[in-house]
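**Q** Take a look at this one; I'll ask things after.
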Amino acid sequence: MAQIVGGGRPVNDAERRVIAHLRDNAPHDWLLLHNIEVPRDDDVFEVDLIVLTGHALCVIDVKGTRGRIEVSGTRWFPARRSAFGSPVTKLRGNGRALKGLLMRERRELERVYVDSVVVLTGPDAQLVDPAGRDSRHVTDLAGLIGTLGDVSRVRRGYSTDVAPYRTAIIEALNGSVRRSTAPPRFGNWEVEEELGGDNRVTEYRAINATVPGSETVLLRVYRADPLAEPEPRAAERRLIANAYQSLTRIPPHPCVVRSRDFFAIDDESRFVLVLDDVHGRALHLYLGGSGRNALSTAARLDVVADMLRGLAHVHANNVVHRALSPACVLVAEGGHAMLTGFDYAKPGPRAHTVANELPNVLDTHYVAPECQARPELMTASSDVYAAGVIAFQLLTGALPPVSPDAGAATDGVVPEVMDLLRRMRDHAPAKRPSAAEALAALVRARGGPVGGPGSGLMSGPMSGQGSEPQGWPPAAPPQEPPARLSGFRRTLRRITGKGD
Numbered sequence: 001m002a003q004i005v006g007g008g009r010p011v012n013d014a015e016r017r018v019i020a021h022l023r024d025n026a027p028h029d030w031l032l033l034h035n036i037e038v039p040r041d042d043d044v045f046e047v048d049l050i051v052l053t054g055h056a057l058c059v060i061d062v063k064g065t066r067g068r069i070e071v072s073g074t075r076w077f078p079a080r081r082s083a084f085g086s087p088v089t090k091l092r093g094n095g096r097a098l099k100g101l102l103m104r105e106r107r108e109l110e111r112v113y114v115d116s117v118v119v120l121t122g123p124d125a126q127l128v129d130p131a132g133r134d135s136r137h138v139t140d141l142a143g144l145i146g147t148l149g150d151v152s153r154v155r156r157g158y159s160t161d162v163a164p165y166r167t168a169i170i171e172a173l174n175g176s177v178r179r180s181t182a183p184p185r186f187g188n189w190e191v192e193e194e195l196g197g198d199n200r201v202t203e204y205r206a207i208n209a210t211v212p213g214s215e216t217v218l219l220r221v222y223r224a225d226p227l228a229e230p231e232p233r234a235a236e237r238r239l240i241a242n243a244y245q246s247l248t249r250i251p252p253h254p255c256v257v258r259s260r261d262f263f264a265i266d267d268e269s270r271f272v273l274v275l276d277d278v279h280g281r282a283l284h285l286y287l288g289g290s291g292r293n294a295l296s297t298a299a300r301l302d303v304v305a306d307m308l309r310g311l312a313h314v315h316a317n318n319v320v321h322r323a324l325s326p327a328c329v330l331v332a333e334g335g336h337a338m339l340t341g342f343d344y345a346k347p348g349p350r351a352h353t354v355a356n357e358l359p360n361v362l363d364t365h366y367v368a369p370e371c372q373a374r375p376e377l378m379t380a381s382s383d384v385y386a387a388g389v390i391a392f393q394l395l396t397g398a399l400p401p402v403s404p405d406a407g408a409a410t411d412g413v414v415p416e417v418m419d420l421l422r423r424m425r426d427h428a429p430a431k432r433p434s435a436a437e438a439l440a441a442l443v444r445a446r447g448g449p450v451g452g453p454g455s456g457l458m459s460g461p462m463s464g465q466g467s468e469p470q471g472w473p474p475a476a477p478p479q480e481p482p483a484r485l486s487g488f489r490r491t492l493r494r495i496t497g498k499g500d
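Letter by letter, the sequence shown follows residues 1 to 500 of UniProt numbering.
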């Protein structure tokens with residue numbers, strides 16, 4: 001049995017299972033510290049578990065995500081939820097930060113290896129990592145003790161025997177970390193699970209702590225530097241507020257993920273964007289062979305129609321997405337698609353820009369030719385180009401050829417649809433249809449009357465039904481407090497100097 005030397009309160013059942021598993025099954029000389037906070041510059045980061053084995057100190061992050069999880073770049077794409085930043089990336093950064101703190105306490109701990117492991121506790125969880133970048137740092141509950149006990153994980157140059165450093169490690173931890181006394185809370189939102197993130201933003205799943213039994217939401221918590229000089233601080237605030245400002249310009253629509261709230265914590269070191277927690281999968285998961293085959297041709301065309309429907313609604317409200325990719329399209333459990341990922345959108349004319357950040361986040365496969373070297377030129381037309389590439393990839397299983405006029409073999413897709421996708425990907429922006437025109441053309445190609453019953457042109461997400469889904473527009477959940485628009489405006493005025 002491992003020795004539990006301290007810690008805070010576990011946040012969820014997944015963490016409790018891992019703690020109990022190590023306590024009951026790990027070697028008796030292992031030490032376990034759980035649910036702690038570690039200071040990092042002017043902030044703190046939370047650690048689910050730290051385990052001191054005979055050869056290393058390991059930082060552990062517990063994930064209760066279930067089902068198939070595909071890794072692409074720095075994002076994880078679970079089977080039944082929206083994508084989130086790789087927890088491995090963030091955990092390894094936290095491990096390096098912890099190593100730095102320990103060395104500041106005791107210099108001789110330079111020889112101690114600090115490992116990082118993400119534990120998937122779901123019984124059906126399966127990580128699919130084609131590049132192999134994350135899988136080395138991920139295990140399931142059954143394999144956790146074996147992974148922690150594997151001496152070969154210690155990198156060259158570090159000691160494989162921590163016994164001489166054991167007392168120093170304990171003393172350094174005692175001087176560096178503190179117990180987490182409660183789950184993280186942002187406003188009324190209490191965290192149930194940390195999903196992942198990077199140095200700029202952390203993503204959480206949370207509930208409304210004032211309403212027991214309320215549905216979950218997604219929190220995107222952005223870091224800011226409250227001590228920065230006025231000019232860079234203002235630029236940082238504008239970038240952080242951009243997604244919310246864009247979404248507030250867009251009236252509710254079944255094909256656009258809804259924003260619920262946006263606020264700053266007291267010292268403005270962090271800002272919180274609250275979004276609906278859509279039970280669905282990122283479109284990215286349907287682009288591979290097995291994922292694509294899970295959707296019929298008709299279902300894939302429905303997804304394309306919903307993507308265009310959402311994009312037409314966004315453009316009608318003078319917002320340009322600018323970063324559209326398969327990761328920004330969610331396919332909900334009912335089969336309809338929704339747009340998300342508005343962090344870099346442009347909500348109409350304004351005096352400032354966040355376009356200088358776009359080169360760091362764009363996937364060039366979906367960037368229109370005229371914007372490849374100049375992302376500040378992005379318009380609604382370049383959004384249509386991206387949608388054309390996504391639709392082509394979804395329907396054919398491959399990215400389109402360089403020339404939009406090149407043909408492609410498609411099973412069950414009428415030539416009129418492929419011609420529409422060719423026009424959407426035209427190298428001349430003026431020759432591309434608008435999103436609304438593309439949607440109308442798609443409806444015509446599928447045999448539906450444009451603007452009539454069943455066209456889906458302005459209808460809900462299930463394009464074959466010809467009417468809004470039952471309960472649309474959605475009523476505000478009766479158990480949640482009403483949004484305070486004045487509070488939203490005060491937050492935005494504080495960040496951007498504008499009230500809308």
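Built from N, CA and C at the ideal position, the CB exists for glycine as well.
Do the CB positions of Ala323 and Val329 come within less than 7 Å of each other?
**A** To locate residue 323, count along the sequence shown from 1; it is residue 323. To locate residue 329, count along the sequence shown from 1; it is residue 329. Not a contact, by the Cβ cut-off of 7 Å.
**Q** Relative to the C-alpha of His284, which residue among Ser72, Ala345, Gly54 and Arg16 is closest?
**A** Mapped onto the sequence shown, residue 284 falls at position 284. Of the candidates Ser72, Ala345, Gly54 and Arg16, the one whose C-alpha sits nearest the C-alpha of His284 is Ser72.
**Q** Along the chain, which unbroken stretches of the alpha helix (DSSP H) at least 4 residues long are found entirely within the UniProt domain "NERD" (10-121)?
**A** With a minimum length of 4 residues, the continuous alpha helix (DSSP H) runs that stay inside the UniProt domain "NERD" (10-121) are 13-25 and 87-105.
**Q** Taking buried to mean at least 16 other C-beta atoms within 10 Å of its own C-beta, is Ala20 buried or exposed?
**A** For the purposes of this step, residue 20 is taken as residue 20 along the sequence shown, with counting starting at 1. Answer is exposed; the Cβ neighbour count stays below 16.
**Q** Look at the alpha carbon of Lys99 and the alpha carbon of Leu273, and state the distance between them as a whole number of angstroms.
**A** Indexing the sequence shown from 1 puts residue 99 at position 99. Indexing the sequence shown from 1 puts residue 273 at position 273. So the two alpha carbons sit approximately 31 Å from each other.
**Q** So, using beta-carbon positions, are Glu105 and Gly175 closer together than 7 Å?
**A** Within the sequence shown, residue 105 is the residue found at index 105, counting from 1. Within the sequence shown, residue 175 is the residue found at index 175, counting from 1. Yes; because the gap between Cβ atoms is below 7 Å, this pair is in contact.
**Q** Would you kindly work out how many angstroms separate the C-alpha atoms of Leu120 and Leu32, rounded to a whole number?
**A** Residue mapping note: residue 120 aligns to position 120 of the sequence shown, counting from 1. Residue mapping note: residue 32 aligns to position 32 of the sequence shown, counting from 1. Going by the C-alpha atoms only, they are around 18 Å apart.
**Q** From the DSSP output, in three-state form, read off Thr160 for me.
**A** Within the sequence shown, the letter at position 160 stands for residue 160. The answer is coil: DSSP assigns Thr160 none of H, G, I, E or B.
**Q** Assuming the contact rule is C-beta atoms closer than 8 Å, Asp198 and Gly95 should be a hit. Round their C-beta distance to whole Å, please.
**A** If you number the sequence shown from 1, residue 198 lands on position 198. If you number the sequence shown from 1, residue 95 lands on position 95. At roughly 15 Å, the Cβ-Cβ gap does not stay under 8 Å, so Asp198 and Gly95 are not in contact.
**Q** Would you kindly work out how many angstroms separate the C-alpha atoms of Asp115 and Ala316, rounded to a whole number?
**A** As a working mapping, residue 115 is identified with position 115 in the sequence shown. As a working mapping, residue 316 is identified with position 316 in the sequence shown. Roughly 50 Å separates the two Cα atoms.
**Q** Compute the Euclidean distance between the alpha carbons of Ala386 and Ser214, then round it to the nearest angstrom.
**A** Your numbering for residue 386 matches position 386 in the sequence shown. Your numbering for residue 214 matches position 214 in the sequence shown. The straight-line gap from Cα to Cα measures roughly 36 Å.
**Q** Among Asn188, Val38, Asp124 and Arg136, which residue has its Cα nearest to the Cα of Leu102?
**A** Counted from its first residue, the sequence shown places residue 102 at position 102. When each option's Cα is compared against that of Leu102, the closest is Val38.
**Q** For Ala264 and Gly341, what's the separation of their Cα atoms in angstroms?
**A** As a working mapping, residue 264 is identified with position 264 in the sequence shown. As a working mapping, residue 341 is identified with position 341 in the sequence shown. Answer to the nearest angstrom: the Cα atoms are 20 Å apart.
**Q** Helix, strand or coil for Phe392, going by three-state DSSP, please let me know.
**A** The residue you call residue 392 lines up with position 392 of the sequence shown. It is helical.
**Q** Are Val389 and Pro400 close, meaning C-beta to C-beta below 7 Å?
**A** Here residue 389 refers to the residue found at position 389 of the sequence shown. Here residue 400 refers to the residue found at position 400 of the sequence shown. Yes; because the gap between Cβ atoms is below 7 Å, this pair is in contact.
**Q** Give every residue of the same chain whose Cβ lies closer than 8 Å to the Cβ of residue 501, excluding the five residues on either side of it in the sequence, and list them in chain order.
**A** A question about residue 501 goes unanswered here, because the residues of the chain that appear run from 1 up to 500.
**Q** If you run the structure through DSSP and keep just helix, strand and coil, what is Leu247?
**A** By one-based count along the sequence shown, residue 247 stands at place 247. Leu247: helix per DSSP, three-state reduction.
**Q** Given a cut-off of 7 Å on the beta-carbon distance, is the pair Asp134 and Val88 in contact?
**A** Counted from its first residue, the sequence shown places residue 134 at position 134. Counted from its first residue, the sequence shown places residue 88 at position 88. Cβ atoms of Asp134 and Val88: closer than 7 Å.
**Q** At a cut of 8 Å, does the stretch 141-150 reach the stretch 44-60 through at least three beta carbon pairs?
**A** With a cut-off of 8 Å, the stretch 44-60 and the stretch 141-150 count as touching, because enough Cβ pairs lie within range.
**Q** May I ask you to report which of helix, strand or coil DSSP gives Ala2?
**A** Numbered from its first residue, the sequence shown carries residue 2 at position 2. Looking at Ala2 - three-state DSSP - the assignment turns out to be coil, as it is neither helix nor strand.
**Q** Please report how far the alpha carbon of Gly149 lies from the alpha carbon of Pro326, in whole angstroms.
**A** In the sequence shown, counting from the first residue as 1, residue 149 sits at position 149. In the sequence shown, counting from the first residue as 1, residue 326 sits at position 326. Distance between the alpha carbons of Gly149 and Pro326: 39 Å.
**Q** Please report the straight-line C-alpha distance between Arg432 and Leu377, rounded to a whole angstrom.
**A** Mapped onto the sequence shown, residue 432 falls at position 432. Mapped onto the sequence shown, residue 377 falls at position 377. Arg432 and Leu377: Cα-Cα distance of roughly 15 Å.
**Q** Between Glu236 and Ala228, which are expected to be in contact by the criterion C-beta below 8 Å, what is the C-beta distance as a whole number of angstroms?
**A** By one-based count along the sequence shown, residue 236 stands at place 236. By one-based count along the sequence shown, residue 228 stands at place 228. Their Cβ separation, rounded to whole angstroms, is 7 Å, which keeps Glu236 and Ala228 in contact under 8 Å.
**Q** In this structure, does DSSP put Met378 in helix, strand or coil?
**A** Start at 1 with the first residue of the sequence shown, and residue 378 comes out as number 378. Of the three classes helix, strand and coil, the one that applies to Met378 here is coil, per DSSP.
**Q** Check each candidate in Ala345, Arg23, Glu437 and Ser381 and name the one with the smallest Cα separation from Ala241.
**A** Translated into the one-based positions of the sequence shown, residue 241 becomes position 241. The option with the nearest alpha carbon to Ala241 is Ala345.
**Q** Are Thr160 and His55 close, meaning C-beta to C-beta below 7 Å?
**A** Taking the first residue of the sequence shown as position 1, residue 160 is located at position 160. Taking the first residue of the sequence shown as position 1, residue 55 is located at position 55. In contact: Thr160 and His55 (Cβ atoms closer than 7 Å).
**Q** Short of 7 Å in beta carbon distance, which residues of its chain neighbour Asp124, apart from the five on each side in sequence? Order them along the chain.
**A** Indexing the sequence shown from 1 puts residue 124 at position 124. Here the set comprises Arg66 and Gly67.
**Q** Could you give the distance in angstroms between the alpha-carbon of Asp261 and the alpha-carbon of Val151?
**A** In the sequence shown, residue 261 corresponds to position 261, counting from 1. In the sequence shown, residue 151 corresponds to position 151, counting from 1. Roughly 47 Å between the two C-alpha positions.
**Q** Whose CA, out of Tyr366, Gly397 and Ala305, lies closest to the CA of Arg425?
**A** Walking along the sequence shown from the start, residue 425 turns up at place 425. If we check each option's Cα against that of Arg425, Tyr366 comes out closest.
**Q** Just the Cα atoms here: how many angstroms apart are Gly452 and Arg444?
**A** Along the sequence shown, one-based indexing puts residue 452 at 452. Along the sequence shown, one-based indexing puts residue 444 at 444. In this prediction, Gly452 scores a pLDDT of 37, lower than 50, which makes its location untrustworthy; no coordinate-derived value is stated.
**Q** What does DSSP give as the partner residues of Asp276 in its beta bridges?
**A** The residue labelled residue 276 in the question sits at position 276 within the sequence shown. According to DSSP, Asp276 bridges with Val217.
**Q** Could you check which residue in Trp189, Ala224 and Val201 has the C-alpha nearest to that of Val211?
**A** Walking along the sequence shown from the start, residue 211 turns up at place 211. The residue with the shortest Cα to Cα distance from Val211 is Trp189.
**Q** Please confirm whether Ala206 and Val217 have their CB atoms less than 7 Å apart.
**A** On the sequence shown, position 206 is the one that residue 206 refers to. On the sequence shown, position 217 is the one that residue 217 refers to. Yes, they are a contact pair.
**Q** Report yes if the CB atom of Gly280 is closer than 7 Å to the CB atom of Glu203, and no otherwise.
**A** The residue labelled residue 280 in the question sits at position 280 within the sequence shown. The residue labelled residue 203 in the question sits at position 203 within the sequence shown. No, Cβ-Cβ distance for Gly280 and Glu203 is not below 7 Å.
**Q** Quick one: is Arg179 buried, meaning 16 or more other Cβ sit within 10 Å of its Cβ, or exposed?
**A** Numbered from 1 along the sequence shown, position 179 holds the residue referred to as residue 179. Classification for Arg179: exposed.
**Q** With 16 as the cutoff for other CB atoms within 10 Å, does Val402 come out buried or exposed?
**A** Taking the sequence shown and counting its residues from 1, one reaches residue 402 at position 402. Per the 10 Å Cβ criterion, exposed.
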